[in-house]
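In my numbering, the protein residues as written are 147 to 648.
Taking it in order: structure first as structure tokens, then the write-up.
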């Protein structure tokens, strides 16, 4: 009898160790603060900026509008580029823009035109990060484990709107100037840029596969470029082997997800329409609505806080800033709970469907009922949100003790975070080949809906009052969310598989 040919073991989804993945997610949690922190640190100094730049409040508000516009556009430009060129160079380039704009704002003293243009550039650089972070997570973490990693990441990201106003108010109060708000952001950006430069490896599967192919040139960390860790060998096609590959694993650097990967990305002309196209698929339209609607509700609450606690309850600016911490606590706790829930729901639905989850190789997303897994329990969350929003609105309307609306803020923050991250994870799951572009589509809808809603808050509150206003947005968000879940669970998988590569 002849000897049977040994069958090589299956190729794992990623070669990054658990500790390395956790470090990368922690780093991304810090980095993704850029967009939300930069947007909200600005709010307490609006009147101060108006005085310093001899501009009207309306003109200063125009800089906020411009920031939101770039916040929506930036990921649509950078995310498709990162899917082909690689995550690392695009992240570093975006933060170079961010730091440069922040320093420019800190040095600018009285030019309103410079303030307007530099805030746009600051948003362009800082707002691209979240979509790129989703791509990094999708590169190295299987859908079965994605929840526990996305939870802390998104909790940190959503912390920005809570600590931003507090930080901005404290800096302005201590210095009496808006300049140090911008210097604070510049320092934050420099730290993020240096940490990414030295320690963030390239993860894009189009560049390094599952991590077994060694990155080359600018795709390598500065630590590797300065201190060694050189590849041990070069293949005939120019690919370099990862020196950390264990004995017997060389085969995986030439097959499967690693086949044809050279460790270098390809620069392609960015196509912002690629993200916009995702918005109009039937299933993603529903997913985007559910993720964006809870974010929009939360943004309406955040916008209302200065008036609720400042004008109605008579709190000073410092206490108004501290009131954001109630919702922020809910966001943090909701992020961790939501991550655990996502992983548990994934396992539960897999068992119901008679499928085995594979945390090493990863699951075939086209054979897995992802829609059911990610939306499990969401109907209850949407119903709960209606009750919490009604409670918030009428507690403010009747001026009950401020502890009551603060508790409702906490509950809505937790509920919104759990719901938002579940459907954002689903969005990335169903586009495994272009996760950053999919996340950019989410950013477009989220920012667009939030900007439109915030513009309507004051007129609607004046005509309806806080009680009916929050009741109205609760019913709209809750009823449409429940309807979208029912349709998605029934038809989403079929719609998704129509896009399956042949």
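Cβ atoms here follow ideal geometry from the backbone N, Cα and C, with glycine treated the same way.
From a predicted model like this one, the values you see are computed outputs, not experimental measurements.
CA-to-CA, the gap between residue 553 and residue 179 works out to about 24 Å.
With contacts defined as CB atoms closer than 8 Å, residue 344 and residue 242 fail to qualify as a contacting pair.
DSSP places residue 359 within a strand segment (E or B) once states are collapsed to three. Two segments are said to touch when three or more pairs of C-beta atoms, one from each, lie closer than 8 Å; by this definition the region 576-589 touches the region 417-437.
DSSP places residue 515 outside both helix and strand once states are collapsed to three, so it counts as coil. The beta carbon of residue 635 is closer than 8 Å to those of 517, 518 and 521 in its chain, skipping five residues each way along the sequence. With a threshold of 16 other beta carbon atoms within 10 Å, residue 195 meets it and is buried. For residue 562, the enclosing alpha helix (DSSP H) covers residues 549-575. In summary, residue 307 is buried, with 16 or more beta-carbon neighbours lying within 10 Å of its beta-carbon over all protein chains present.
Non-local beta-carbon contacts of residue 596 in its own chain, meaning distances under 6 Å to residues more than five positions away in sequence, involve 442 and 445 in chain order.
A distance below 8 Å separates the beta carbons of residue 249 and residue 332. If you look at residue 332, you'll find it in the alpha helix (DSSP H) that goes 325-345.
By the C-beta density criterion, residue 462 is exposed, having fewer than 16 other C-beta atoms within 10 angstroms.
Burial state of residue 540 is buried, judged by a 10 Å Cβ sphere holding 16 or more other Cβ atoms. Counting C-beta pairs closer than 8 Å gives three or more between the region 428-441 and the region 592-607, which meets the contact rule. Ranked by how close their Cα comes to the Cα of residue 477, the residues 493, 498, 515 and 566 have 566 in first place. Straight-line spacing of the CA atoms in residue 263 and residue 246 works out to 12 Å. For residue 502, there is no enclosing alpha helix (DSSP H), as DSSP gives it neither H nor E. Cβ-Cβ separation between residue 469 and residue 451: approximately 6 Å, consistent with a contact (criterion under 8 Å). Remark: three or more beta-carbon pairs, one from each stretch, lie closer than 8 Å, so the region 471-486 and the region 282-301 are flagged as touching. Judged by DSSP in its simplified three-state form, residue 304 adopts coil rather than helix or strand. The region 220-230 makes no contact with the region 164-171, as fewer than three CB pairs between them are under 8 Å.
The distance from the Cβ of residue 275 to that of residue 181 is about 6 Å, consistent with a contact at the 8 Å cut-off. Secondary structure note for residue 225: its alpha helix (DSSP H) is the uninterrupted segment 203-231. DSSP places residue 162 in the coil class of the three-state scheme, outside both helix and strand.
Nearest Cα to residue 341 within the set 592, 172, 571 and 558: 172. Judged by DSSP in its simplified three-state form, residue 187 adopts coil rather than helix or strand.
In the assembly as shown, residue 193 is an exposed residue. Its beta-carbon has fewer than 16 other beta-carbons within 10 Å. Per the coordinates, the alpha-carbon of residue 158 lies some 11 Å from the alpha-carbon of residue 287.
Closest in C-alpha terms to residue 284, from the list 256, 352 and 325, comes 352. In the three-state scheme derived from DSSP, where H, G and I count as helix and E and B as strand, residue 287 is classed as coil. Ranked by Cα distance from residue 572, the options 186, 515, 279 and 624 are led by 515. The C-beta distance from residue 256 to residue 199 rounds to 6 Å, short enough to fall under 8 Å. Only residues of its own chain outside the window of five on either side were considered, and among them 226 have a CB closer than 7 Å to the CB of residue 417, listed in chain order. Between residue 414 and residue 230, the beta carbon gap of about 4 Å places them in contact (Cβ cut-off 8 Å).
With a cutoff of 8 Å on beta-carbon distance, residue 252 and residue 336 are scored as not near each other.
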